[in-house]
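First up is the structure itself, then whatever we jot down about it.
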Amino acid sequence: MIYWQIFLAFFIPGILGYGGGPASIPLVEHEVVDRYKWLTVEEFSEVLAIGNSLPGPIATKLAGFIGYEVGGVVGSIVAIFANVAPSLILMIVLLGILLKYKNSPKVKRLTLYVRPVIAVLLGVMAFEFFSSSYSGIGLWQTIIIAVVSWLLMEKFKVHPAFVILAAFVYGGFFLA
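For the sequence shown, the numbering used here assigns the number 929 to the initial residue and increments by one for each residue that follows.
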């Protein structure tokens, strides 16, 4: 019975929390604090503060921790699954529809229209990263890091994770 309650406590906010994790936090709080009384408001706020300090999606971190506190390892697995299940189900359904109509001229036209929008969004994001880097560390440091990163990834085929790690170490030693 407890696993079913854990499932419902995180599945319902997953369905109703349009806008991602931050939008579903009040819904999770209602389920966990008000409905099931697994945590007090203070405990929930502490869990939320810890979850916000860690990288990754907040809703899954809340689900994992609260599920573990209430139902152990199995409770954590159930809570995380319940949290991602609405998105997972919707993605599977939409992918099925897309694959069913992949030869439709309307779907092909839609994908043609989506590609430039994604390219523009990525370009805007890259420009914003460059602008914040320029204002934070200066033009020359930004250019050096960008050129070296590009050379490492494109010419020497270094995995991006290693390039990010190297930039992190460089920033820690020379830009701190």
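Glycine is no exception: its CB is placed at the ideal position from the N, C-alpha and C atoms.
7 Å Cβ cutoff met for residue i and residue j
| i | j | result |
| --- | --- | --- |
| Ala1010 | Phe1090 | no |
| Tyr1029 | Val1035 | yes |
| Ile934 | Ala1047 | no |
| Gly942 | Ile986 | no |
| Ser981 | Gly992 | no |
| Ile999 | Tyr931 | The amino acid occupying residue 999 in the given sequence is Gly; Ile does not appear at that position. Closer than 7 Å, so yes. |
Buried or exposed (CB count within 10 angstroms, at least 16 for buried), residue i
| i | result |
| --- | --- |
| Val1042 | exposed |
| Leu990 | buried |
| Ser1032 | exposed |
| Phe1055 | exposed |
| Val975 | buried |
| Ser952 | buried |
Through-space distance from residue j to residue i, alpha-carbon basis
| i | j | result |
| --- | --- | --- |
| Arg963 | Met1053 | 40 Å |
| Leu1103 | Ile1072 | 13 Å |
| Lys1085 | Leu1023 | 32 Å |
| Glu970 | Glu957 | 11 Å |
Continuous alpha helix (DSSP H) stretch holding residue i: start and end
| i | result |
| --- | --- |
| Phe1091 | A quick correction: the sequence has Val, not Phe, at residue 1091. First-last of the alpha helix (DSSP H) with Val1091: Pro1088 to Phe1102. |
| Val966 | The question names Val, but residue 966 in the sequence shown is Trp. Counting along the chain, Trp966 falls outside any alpha helix (DSSP H), and DSSP gives it neither H nor E. |
Nearest-angstrom Cβ-Cβ length linking residue i and residue j, presumed shorter than 8 Å
| i | j | result |
| --- | --- | --- |
| Val960 | Thr988 | Contact doesn't hold; Cβ gap of about 14 Å is too wide. |
| Thr1070 | Ser1061 | 5 Å |
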